[in-house]
Every structure is written in structure tokens, then in C-alpha cells.
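Notes for the one structure printed next.
There are 2 protein chains.
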Amino acid sequence: MTGAAGFLGGRLARTLLDRGELDGRSVDELVLLDVVAASAGEGDPRVRTVVGDVADPALLGETVDARTGVVFHLAAVVSGQAEAEFDLGMRINLDGSRLLLDACRAAGSVPRVVFTSSVAVYGGDLPDVVTDATPLTPQTSYGTQKACAELLLADHTRRGHVDGRVLRLPTVTVRPGKPNAAASGFASGIVREPLAGVTTVVPVPPEVRMWVLSPRYAVESLVAGAELAPGRLGGSRAINLPGVSVSVGEMAAALERVAGPEVAARVSWRRDPAVEAIAATWPGAWDTSRAEALGLRGDADFDAIVRAYMEDDLPHNL
Amino acid sequence: MTGAAGFLGGRLARTLLDRGELDGRSVDELVLLDVVAASAGEGDPRVRTVVGDVADPALLGETVDARTGVVFHLAAVVSGQAEAEFDLGMRINLDGSRLLLDACRAAGSVPRVVFTSSVAVYGGDLPDVVTDATPLTPQTSYGTQKACAELLLADHTRRGHVDGRVLRLPTVTVRPGKPNAAASGFASGIVREPLAGVTTVVPVPPEVRMWVLSPRYAVESLVAGAELAPGRLGGSRAINLPGVSVSVGEMAAALERVAGPEVAARVSWRRDPAVEAIAATWPGAWDTSRAEALGLRGDADFDAIVRAYMEDDLPHNL
């Protein structure tokens, strides 16, 4: 697992260790790679923690080997940072993905590679409803890097180097902890900060639509994505996960319904043109029937996402 | 110009030197880069020949500078070779394109970059008619590398590093000289060898459809592509050139009409599964109305392509 010290990586690692098996095979070893030491499963004899750069081919060569059955490739420089630091984004998001695929090819075990991609692969003049087959027309460097990595994963799959599957993640919310540099970070802040008694500023107008998924279902989808039989995937390895399409104004209203007006009053609005420009590239409506037909699941609505955060994370923050 | 020692590069170089201007600016210097010395314009004081690897960042840094106004990026490992030699294709077709864009960005002159892409960016379950906006679903490593380079060019254009335009070339035929390693090479051989008194073997069935353009119009399109005002391009920088859609059987029939039955009798048919598998990914029908609206032109039919070859190249071969 790359990006294993991240929020999603940590939850996925704990889930895999708790399950003890994946696709009917036991989890004998879980290798957690990140630039800082991953803390999930500390003390568990099945865990090997590797600290290093995902774009370091020597490190990848040591990390992926003939015993590697599944690779979760979560490491990424997020959208806002990839836009601000072009070379860094190219190195981690494009080179990192490419070198990981090369390492899998060299290892020879044809691992299943679960790659987390993003709605940022879409943009520009989009159809009213986005499907798995909508053209990739990214309007950010992050989206460009993810789209290239998707194409490379498909080619390595076609060549038999890996058995790849691309999961296009909606914005994962609510993330606990500190804000990150993702342009979509406010989608977590709008719930997390008010619930922590802190005011938050939303940098886009209330009518901006987002496509969101709780951490619960993000982790469930990653596991399910790894377990999908290749024969069920057909011609395309990329799947838009079943997110909830919701406006930012509706997100604030859901917070008020679930947590009350006093909490919701801590949300304020001040437009940030840089974030707004990125948000303008996000699609409004989605057809995720293919994901659902494959058995992948999402949240019922944003109220459920707020409640999931309060159940899963809020006790630890208080 | 990268790939300047190639067939198309040589013709384009001679055309540019003959014109002496491009988009209203005089051609003061023409830098011809390739792994072997380009011979076009030999002795012309405006020509600087650079021998080296297009994936060598130091060389690119020396070649592209603040005076660079237009870059023609033609260098590529062709489809058959990129499929057989994966690493080589990745290095030349993907790294070469990426490093060239980085060199343009470092030079700071925001050059127009004319990138030759390919129908190989399409494949799989295609619509009946392919347009400029059809999703990129390559089914070969070559197509994957071209698609990634297209995406990177679009991002560098959006960021203001270059003013890019992608010309998706139909199969350029008839190429004079020796066969190359392109899977589509037979589209030249089917005319060139019989006219030279040599028998030729076509590796696909007559009903396989191709999308073809003469060298004349390929060069004209490259020049016109460089001269297109950015404002005319709108949201997408990629243009499918106005090729002729024709079956391989019709190509043989055109040869017979133009050059006679004795010449056409030198065409024989023997299927090659490797070539056929690649050919199966080529689309059948095209909507190139956007290219035409932008003033780009192509051949009337395959008879005209055979005649163009006989006029432009045959005297030199005899």
C-alpha cells in the first residue's frame, strides 16, 4: 500500500488486518509505504513499514516482489498542491504511478493494482450526466496526472503486467484531523470545524455541486475493488464510485438538520477565486449504475455522511 | 523540429525553408533534431542540425531557448516497435514529449507546439463515427503514450507554458523508401512496392478500413496547424485531420484504376495476426468537420493519393 500513512491508507490498513483475508487469501504481510512512517497496525507481526519516496524506483523494486498479490496505490499529491507545485505533482502522481507499475511488471506476480483516481479527470464542456465512459478532459495538473496514470494502468493491464482497477473516488468527507491542501478540503471542514466548536469559511458559493463519499464507503469500495473478478470488469478498468451528488448549500443544511442550528451557525462563506476555479471543473451529476451493478455501495445522503463522521470520528476528537 | 530526419520531418523542413516564413514571421533559424543527422536544407545557413536523443533533457535544454517560436514535435517510436519494445516506446513517446514540454516551459518563450498524434489513441468499443471529442481509449502501448502526451500538452497549454495543438494524423501514405516498423506500414507498401515492380503482401483482410492522408496534405496540415490562431481552437487542442476513410480492398482497386492491372497484380494477401490485432483497434468512420471548419484540407480519395505519390516521389525512385 502506497500513501499508507494517509488518512484513507490508515483506515484501509486497519480494515485489512481486522479482516485477515482479501479475496479468499490470507493477509500474510501488509507492506505500508509512505514518506513518513505509517502507524496503522503497529506491533502487528504482519505489518512491514517502509519509509521512502513512491517515485524512487530502487525502493519500489525492494517493496514489490514475487509474493505481492494486491497493491493499493493511494499515494498522491493532492489537487491544490499539484496545481501550485507542478514538478512535485508530476513526480509523485505521474512518475510514482508509472514506476510502481514498472516494479509490478518486474516482480512478475501480476498483482491486482487498485488505483485511486479522481473526478478531476473530468472537466470542461461535460455532458449533463457523467458516466464511467465520459472522455477524460482534465482541467488541472492533478487531473492530468491522474488521467495519464489511468491510461498507463490500462496499458499495463492489457499487457498482462498487472490486473488493474481504477476507482474514481468522490471527494472523501468527512476527513478527521487537520485541513489538507486539496481544493476540496472545505467539504470536510464544513462539517468537522463546526462540530469541533470552530468557525469555518467555505470558499465557494452554496450552489457549487460536489460528489462525496464517506470514509466508511471509501474503504469498503477499495476492498471490494480489490476483490472484483477481472472478468466482471469488461473493456474498461475505471469505475466511478457511487457518491452522493450534493450542493455545498445542501451540505450546510444537512449539518443543521443533524447537529443543530448552533453548530451550523459556525459556517461562513467567502469566495476564493483559486478554489472556485477548480470547483468549476467538477461535474454536477453522475451515473454510477455500473459501480452499483458491480456491487459497490455508497452513502444514502449527506445527512448519513454527517452521522457517520459523528459515530466514527467525533468521540476521538473530543 | 524533433524527428527531423524522418520522412515527414524532411518534407516539412524543406517546405518551411522554401516558404521562408511561418504565421507572418520569418524563419530565421530551423533547428533539426534527430538521433541521426537530418539532411533537409543541407548547406542552408538557417539550418542547425542537432544529433541526439529526444529524451535527453540536457540536449533539449540546449535546443529550445527563448528565441524558439514554434516546435514541431514529430519524433516517435512507431506503433509496432512501441508494442514490441515497451521501454523504448515509453522513453521516446512519453518521456521525450514530456521533457520537450519541460524544456519549452524553461525557455519561457511560450512556443507554439505542434504535436503529431495518432488514431491509435482510439480503440475498443468505439462509436460508429469518431469525432475530435471521442474518448481516448487506446488499446496499444503506442496509443497510450500518445494519449498521455496529448493530455500533458493540454495541461502545459492551460498553464501557459506552451501554445499547443495536437494533430491526429491519419496513416500517412504513400511513404517512399523502405518499409518502417509501423503496423500500418502496408498502407504504403500496397502502392509503393507494386509500382516499383515488386510484389507485396498485405497482412490484413481487404475489408479492414483505414484512414489515410497523403504526405502532401500531412505537411500542409502541419504548417496550417502551426498557423492556427489560438482563439480558434476553443476548449480542445486536439484535431483529427481530414483523412480519407477507405478499405484496404478499395486501396488495391484504386491502384488498379490509376496504375493498371499489371501493377495491381503484384498485391497478394496473407493475414498476420499481430498486425490484424492492431488493425482491429482502428476506427471505421470519422467526422472531421471541425478540422475542415478550421481550414485544414485532405485528399479527395485514394486515387488522388496514388497519383500524388506517382507525381511527387516516383520519378526519384526510378
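Line order of the protein sequences matches chains A and B.
If you read the first sequence in our numbering, its first letter stands for residue 262, the second for the next number, and so on.
If you read the second sequence in our numbering, its first letter stands for residue 262, the second for the next number, and so on.
Backbone N, C-alpha and C fix where the C-beta goes; we use that ideal spot for every residue, glycine too.
Put simply, the backbone Cα of residue 449/B is about 19 Å away from that of residue 377/B.
Cβ-Cβ distances below 7 Å link residue 281/A to 287, 288 in the same chain, with the five nearest sequence neighbours on each side left out; the list follows chain order.
A direct Cα-Cα distance of roughly 41 Å separates residue 301/A from residue 385/B. For residue 394/A, the chain B residues whose Cβ falls inside 7 Å of its Cβ are 396, in order along the chain. The C-alpha of residue 422/A lies about 10 Å from the C-alpha of residue 415/A. For residue 317/B, there are no C-beta contacts with chain A under 7 Å, since the nearest C-beta of that chain is about 17 Å from it.
Inclusion of residue 544/A and residue 413/A in the CB contact set at 8 Å is not warranted, their separation being larger than that value. Residue 358/A is outside the set of residues whose beta carbon lies under 8 Å from a beta carbon in chain B. Under the DSSP definition of a beta bridge, residue 471/A partners with 507/A. Chain order gives no chain A residues near residue 442/B, where near means a beta carbon separation below 9 Å; the closest approach is about 18 Å. A direct Cα-to-Cα measurement between residue 553/A and residue 503/A gives close to 7 Å. Residues of the segment 414-437 of chain B with a C-beta less than 8 Å from any C-beta of chain A: 415, 416, 419, 420, listed in chain order. Here residue 533/B carries a coil assignment [DSSP, helix/strand/coil].
Going by DSSP, residue 429/A is part of the beta strand (DSSP E) stretching over 424-430. Contact check between the segment 403-412 of chain A and the segment 401-413 of chain B: three or more CB pairs, one atom from each, fall below 8 Å, which counts as touching. Assignment of residue 276/A by DSSP, reduced to helix, strand and coil, places it in the helix class.
Legend: CB atoms of the segment 486-498 of chain B lying less than 7 Å from CB atoms of chain A belong to residues 496. Chain order gives no chain A residues near residue 342/B, where near means a beta carbon separation below 9 Å; the closest approach is about 15 Å.
Contact of residue 408/A with chain B by beta-carbon distance below 7 Å involves 412. Less than 8 Å divides the Cβ of residue 315/A from the Cβ of residue 357/A. The residue from 318/A, 379/A, 344/A with its alpha-carbon nearest to that of residue 335/A is 379/A.
One thing to note: residue 513/A has its Cβ no nearer than 8 Å to the Cβ of residue 566/A. A direct Cα-to-Cα measurement between residue 429/B and residue 556/A gives close to 38 Å.
Contact fails between the segment 344-353 of chain A and the segment 298-312 of chain A, because fewer than three Cβ pairs, one in each stretch, are under 8 Å apart.
Any Cβ of chain A closer than 8 Å to the Cβ of residue 377/B would place that residue at the interface, and such an atom is absent.
Taking C-beta atoms as the reference points, residue 333/B and residue 273/B count as a pair closer than 8 Å. For the set 364/B, 347/B, 360/B, the Cα lying nearest the Cα of residue 367/A is the one of 347/B.
Residue ranges of uninterrupted beta strand (DSSP E) with 3 or more members, entirely inside the segment 274-326 of chain A and ordered along the chain, are 291-295, 308-312. Per the coordinates, the alpha-carbon of residue 515/A lies some 36 Å from the alpha-carbon of residue 296/A.
At least one CB of chain A lies nearer than 8 Å to the CB of residue 385/B. For residue 402/A, at least one C-beta of chain B is nearer than 8 Å to its own C-beta. Excluding sequence positions up to five before and after residue 487/A, its CB lies within less than 8 Å of the CB of 283, 284, 331, 333, 373, 375, 426, all in the same chain and listed in chain order.
Listed in chain order, the beta strand (DSSP E) elements of length 3 or more contained wholly in the segment 389-444 of chain A are 424-430. In the displayed model, residue 463/A falls within a strand according to three-state DSSP. As DSSP reads the structure, residue 501/A sits in a beta bridge with 429/A.
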